[in-house]
Amino acid sequence: MKFTKLSLFLLLVSFQEIQSDEYLDYASPFHPKVSNNGMVVSQNVESSELGVAILSAGGNAVDAAVAVGFSLAITLPRAGNIGGGGFMLIYIKDKDELFSIDYRSSSSLNSNLQDIFGSKSPTQIQEDDYDSIKYGYMASAVPGTVYGLLEAHEKFGKLSLKEVLLPVIDQANEGIIVSYDLHNAIDSSDQLKQNSESKRIYFIDNEPLPIGSLLKRPDLAKTFESISKDGKDGFYGGWVAEKIQSSMKDNGGFIDSNDLEQYSSKFRDPIGVNYRGYSVYTQGPPSGGGITFLTALNVLSYYNLGKYRKDSSLTYHLLAEALRRGHNNRSHHVGDPDYYDVPTEGLISKGRAKLLAKNISFDKASKASSIQKYNHIEESKDTTHYSVIDRNGNAVSNTYTLGYSFGSGVTIPGTGILMNNQMRNFAYKYGDKTSTSRASSPGNRFEPGKRPMSTMHPVMVFNKKGELSLITGSPGGSQIPAANLRVVTGVIDFDLHVGDATMLPRIHKDWPYADLDFESTVSQDNLNLLDRIGHQLELSDTIGSTQSIQIIDGINYGFADLRRPNAGVSIEKSN
Numbered sequence: 007m008k009f010t011k012l013s014l015f016l017l018l019v020s021f022q023e024i025q026s027d028e029y030l031d032y033a034s035p036f037h038p039k040v041s042n043n044g045m046v047v048s049q050n051v052e053s054s055e056l057g058v059a060i061l062s063a064g065g066n067a068v069d070a071a072v073a074v075g076f077s078l079a080i081t082l083p084r085a086g087n088i089g090g091g092g093f094m095l096i097y098i099k100d101k102d103e104l105f106s107i108d109y110r111s112s113s114s115l116n117s118n119l120q121d122i123f124g125s126k127s128p129t130q131i132q133e134d135d136y137d138s139i140k141y142g143y144m145a146s147a148v149p150g151t152v153y154g155l156l157e158a159h160e161k162f163g164k165l166s167l168k169e170v171l172l173p174v175i176d177q178a179n180e181g182i183i184v185s186y187d188l189h190n191a192i193d194s195s196d197q198l199k200q201n202s203e204s205k206r207i208y209f210i211d212n213e214p215l216p217i218g219s220l221l222k223r224p225d226l227a228k229t230f231e232s233i234s235k236d237g238k239d240g241f242y243g244g245w246v247a248e249k250i251q252s253s254m255k256d257n258g259g260f261i262d263s264n265d266l267e268q269y270s271s272k273f274r275d276p277i278g279v280n281y282r283g284y285s286v287y288t289q290g291p292p293s294g295g296g297i298t299f300l301t302a303l304n305v306l307s308y309y310n311l312g313k314y315r316k317d318s319s320l321t322y323h324l325l326a327e328a329l330r331r332g333h334n335n336r337s338h339h340v341g342d343p344d345y346y347d348v349p350t351e352g353l354i355s356k357g358r359a360k361l362l363a364k365n366i367s368f369d370k371a372s373k374a375s376s377i378q379k380y381n382h383i384e385e386s387k388d389t390t391h392y393s394v395i396d397r398n399g400n401a402v403s404n405t406y407t408l409g410y411s412f413g414s415g416v417t418i419p420g421t422g423i424l425m426n427n428q429m430r431n432f433a434y435k436y437g438d439k440t441s442t443s444r445a446s447s448p449g450n451r452f453e454p455g456k457r458p459m460s461t462m463h464p465v466m467v468f469n470k471k472g473e474l475s476l477i478t479g480s481p482g483g484s485q486i487p488a489a490n491l492r493v494v495t496g497v498i499d500f501d502l503h504v505g506d507a508t509m510l511p512r513i514h515k516d517w518p519y520a521d522l523d524f525e526s527t528v529s530q531d532n533l534n535l536l537d538r539i540g541h542q543l544e545l546s547d548t549i550g551s552t553q554s555i556q557i558i559d560g561i562n563y564g565f566a567d568l569r570r571p572n573a574g575v576s577i578e579k580s581n
């Protein structure tokens, strides 16, 4: 059979049309992982995989979350920890109950203002005076992570503690390959060089561990074994506690065995608001981040955000104004509720939000002085978050921190425990009548034994049917509420899937500061418009690193934020 040039052309066009019709494409480049089985999303994929192994071994979401929490101390030592503290939300599906565990670090009962600042009064304290609690032994508060993780396991876990910790112990003994991210994190944390034990672990010939080298942690494995055998007493008592106390005593730190014996995590009521028919829950005080986040949602509820584009200048403006009012709300009366009567209901009430929303202008950025504080008779970005769900619908949203990247820089010899620097997070200028910032907050004033305010706040969202629909959270210090707010409003207001909601450009605006921080992905046109109405623009590094699971009709969609390397989603395989 002979083909003319015309018939060959028509045949080729017809074939191309068939190919085009059959070609599968996607509306978005950001693809969540999808499964109706269990799922772990964390800032390190090796820890996510370890958590999924616990699920596959018959563990539930809490078992997996506990394993991930310990594993991140190996894989993400700048933020994953057993020497810090945090907050955990736990949802138990068959009970349809949400629980909150506060395992925030607390100041030592031995700590005092004289050792920190000498004889200086609040008005005399300057930024340089905080150096004594920036790095080193005096910077560390009593760690709560181990207590909090084990408390969750005791109440809700399914496997034995030994089963949960065995793969973590193996991971510590076998070691991990040093990534580009870990190498650079070590290189940028000068405080590690100031501590001989940290320097021994993270440096070779005064240089950070090279990319591709093997980092084994037999010291951590030994501590994990002690915890596996004796539970809380394996950390807050016995040889580990003795090591912590002796190291603190020899180096001018505050923590002793009594502090460790007295420490306990706290079950607290989650706090929440109704946002466009969705029930949004997070951590209450001593989290100020939760207050900020819920306040911002309440303020935004007075605007039909969905009618604007997800990346319009007006959307960014309203987010900024809502966040600024949220940060104002946390700046005066939020602290440890065991030491201060925090007016939580008033702060997150619709009445308060209406008052805050009243003076928002569509064409002008607000001044700090225009935001009325609530009347009532600097944090680091190196926190980390992970989200877990099991095949039965039980879920965990957990955020914890060492404070700065690698915390105080102190590793307790022989234990592998990297200590936090959370003593910096109190309001030491309380009593200074000239100060209106958070540094003088009565709610967060320093007191021995107290937990400092934090911006950490894990999040869970339930849909209009009352079903769990989103698990999320982020590191980022004071920028955490901005990261969480962008994801939640992206899902609810703009009907985005979790991948697109995660990768929306982010902005942050605090109070009383004038700067509006923005990521480099915000368009120049939007920046020009924001500048025109009075926002003082400041280019930021990436804002947060949300690790999220969205649940739609019983299917789990997991997405690890691309803003920081090595994060990952791991999925439980079908039996």
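Numbered by my numbering, the letters in the sequence shown go through residues 7 to 581 in order.
All C-beta atoms, glycine included, are put in the ideal place defined by N, C-alpha and C.
Keep in mind that this is a model prediction, so the values were computed, not measured.
Check: Using the C-alpha atoms, what's the distance from Ser-441 back to Leu-167?; Outcome: 48 Å
Check: Going by DSSP, what residue range makes up the beta strand (DSSP E) through Gly-124?; Outcome: Unbroken run through Gly-124: none, as it is neither H nor E.
Check: Per DSSP, which one or two residues make a beta bridge with Met-45?; Outcome: Ile-395, Ile-577
Check: Distance check for Phe-123 and Val-575, CA to CA, integer angstroms please.; Outcome: 45 Å
Check: Relative to the C-alpha of Gln-553, which residue among Pro-291, Asn-490, Tyr-519 is closest?; Outcome: Asn-490
Check: Which of helix, strand or coil does DSSP assign to Thr-390?; Outcome: strand
Check: If we ignore side chains and look at the alpha-carbon of each, how far apart do Ile-383 and Lys-373 end up?; Outcome: At Ile-383, the pLDDT of 35 sits below 50, so the modelled position is not reliable and the matter cannot be decided from this model.
Check: Which residue's Cα is closest to the Cα of Pro-419: Ile-207, Gln-530, Gly-296, Lys-471?; Outcome: Ile-207
Check: At what residues does the alpha helix (DSSP H) containing Val-174 begin and finish?; Outcome: 167-180
Check: Determine the closest residue to Met-144 out of Gly-564, Met-429, Arg-512, Ile-477, with distance taken between C-alpha atoms.; Outcome: Met-429
Check: Closest to Phe-368 by CA distance: which of Gly-399, Ala-401, Leu-311 is it?; Outcome: Leu-311
Check: Under 8 Å by Cβ, that's how I've got Gly-455 and Ser-113 pegged, so tell me the actual separation to the nearest angstrom.; Outcome: 6 Å
Check: Less than 8 Å separating the beta-carbons of Lys-316 and Leu-568?; Outcome: no
Check: Which residue spans inside the segment 208-237 form an unbroken alpha helix (DSSP H) run of at least 4?; Outcome: 224-236
Check: Strictly by DSSP, which residues pair up with Asn-404?; Outcome: Met-94, Tyr-392
Check: Please say whether Tyr-406 and Thr-421 have beta carbons closer to each other than 8 Å?; Outcome: no
Check: Would you list the one or two residues that DSSP bridges to Val-51?; Outcome: In DSSP, Val-51 forms no bridge with anything.
Check: Classify Trp-517 as buried or exposed, calling it buried when 16 or more other Cβ atoms lie within 10 Å of its own Cβ.; Outcome: buried
Check: Which same chain residues, not among the five before or five after Asn-381, have their C-beta less than 6 Å away from its C-beta?; Outcome: Confidence at Asn-381 is low in this model, with a pLDDT of 47, below 50, so its placement is unreliable and the value that follows should be read with caution. Cβ within range, chain order: n/a, list empty.
Check: Report yes if the C-beta distance between His-463 and Phe-565 is below 8 Å; otherwise report no.; Outcome: no
Check: Taking all protein chains shown into account, do 16 or more other C-beta atoms lie within 10 angstroms of the C-beta of Ser-195, making it buried, or fewer, making it exposed?; Outcome: buried
Check: What number of angstroms, rounded off, separates the C-alpha of Ser-446 from the C-alpha of Thr-321?; Outcome: 32 Å
Check: Along the chain, where does the beta strand (DSSP E) that runs through Glu-103 open and close?; Outcome: 103-109
Check: Please give me, in chain order, every unbroken run of the beta strand (DSSP E) with length at least 3 that falls completely inside the segment 278-321.; Outcome: 284-288
Check: When burial is assigned at 16 or more other CB atoms within 10 Å of the CB, is Ile-217 buried or exposed?; Outcome: exposed
Check: Only counting the same chain, and skipping five residues up and downstream in sequence, which positions put a Cβ closer than 7 Å to that of Ser-505?; Outcome: It should be noted that the sequence gives Gly, not Ser, for residue 505. Correct list, in chain order: Ser-34, Phe-36, His-37, Pro-38, Phe-565.
Check: With distance defined between alpha-carbon atoms, name the residue in Leu-172, Gly-332, Arg-110, Phe-468 nearest to Phe-76.; Outcome: Leu-172
Check: Between which two residues does the beta strand (DSSP E) carrying Met-254 extend?; Outcome: From DSSP, Met-254 is part of no beta strand (DSSP E) but of the alpha helix (DSSP H) over 244-256.
Check: Once you ignore the five residues that flank Ser-318 on each side, which residues in its own chain have a CB closer than 8 Å to its CB?; Outcome: Asn-532
Check: Taking the straight line between their C-alpha atoms, what separation do you get for Asp-193 and Arg-223?; Outcome: 19 Å
Check: For Ala-147, write down the residues that DSSP places opposite it in a beta bridge.; Outcome: In DSSP, Ala-147 forms no bridge with anything.
Check: Report the three-state DSSP secondary structure of His-463 (helix, strand or coil).; Outcome: coil
Check: When DSSP labels each residue in this structure, what does Gln-132 get in the three-state scheme?; Outcome: coil
Check: Would you please state the rounded distance, in angstroms, between the beta carbons of Gly-449 and Val-348? I believe it to be under 8 Å.; Outcome: 6 Å
Check: Between the Cα of Pro-343 and those of Met-459, Gly-483, Tyr-392, spot the shortest distance and give me the residue it belongs to.; Outcome: Met-459
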